[in-house]
């Protein structure tokens, strides 16, 4: 997946809303790409790394780039709203966003290896958070059934347990085609009922 160029006007859609589905890495890159010696500056070098990572993580992470131009007071004049939100006063700066919130920050030129380590750690932490949530609710649902606290709602309780077990398989990468179909159906119903927005998913909402 290519790196998407965003501006203040598209930032909410491309970054904040997208982060409800996947981890988003935003590179705040200087408009000027050459240093005083006429050589590629830190932003230019970082652009190349981000472009490569955009392909490497195409199915897992969204990469966006927003250009900045800092004045003498280190305030961005190109996209001041987005830059101001994260206190950007240096380029390049990478902001990681997950579920609409800042999950990490790296200032200055980074190595590819360093970026990979940070991104992988965030992906693992996000997955573990989801698994912990699901395991907790599987135990609660199972206990409720065993203790017969659901009487007239037995079918609902078993259905809830089934959905949670499906989520666990999906999160552990052991999902069957039936599991994926069930999750798609859940997303469709919740979006139709306006419990979820059109760009949201059940798992994404669960991770929030």
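Residue numbers (our numbering): 1103 to 1310.
Heads up, the beta-carbon is just placed ideally off N, CA and C, and yes, glycines get one too.
- Contact annotation: residue 1128 and residue 1197 have beta-carbon atoms nearer than 8 Å.
- In the assembly as shown, residue 1149 is a buried residue. Its beta-carbon has 16 or more other beta-carbons within 10 Å.
- For residue 1166 against residue 1105, the beta-carbon gap comes to about 7 Å, under 8 Å, which counts as contact.
- The three-state reading of DSSP puts residue 1219 in helix, counting H, G and I together.
- Going by beta carbons, residue 1145 and residue 1193 fall inside the 8 Å limit.
- Residue 1173 sits in coil when the DSSP states are folded into three classes, being neither helix nor strand.
- The DSSP assignment places 1110-1113 as complete runs of the alpha helix (DSSP H) inside the stretch 1103-1147, in order along the chain (cut-off: 4 residues).
- Contact annotation, residue 1143 with residue 1135: C-beta distance approximately 6 Å; criterion of less than 8 Å satisfied.
- Cα atoms of residue 1121 and residue 1141: separation of roughly 34 Å, rounded to the nearest angstrom.
- The straight-line gap separating the alpha-carbon atoms of residue 1190 and residue 1112 is approximately 18 Å.
- In chain order, 1130 and 1209 place their CB closer than 6 Å to the CB of residue 1195, counting only its own chain and leaving out the 5 sequence neighbours on each side.
- Under the three-state reduction of DSSP output, residue 1206 falls in the strand class.
- By the 16-neighbour rule on beta-carbons within 10 angstroms, residue 1222 is exposed.
- Residue state for residue 1152 is assigned as helix, using DSSP reduced to three classes.
- Within 10 angstroms of the beta-carbon of residue 1125 lie 16 or more other beta-carbons, which makes it buried.
- The beta carbon of residue 1217 lies closer than 7 Å to those of 1151 and 1155 in the same chain, with the five residues before and after it left out.
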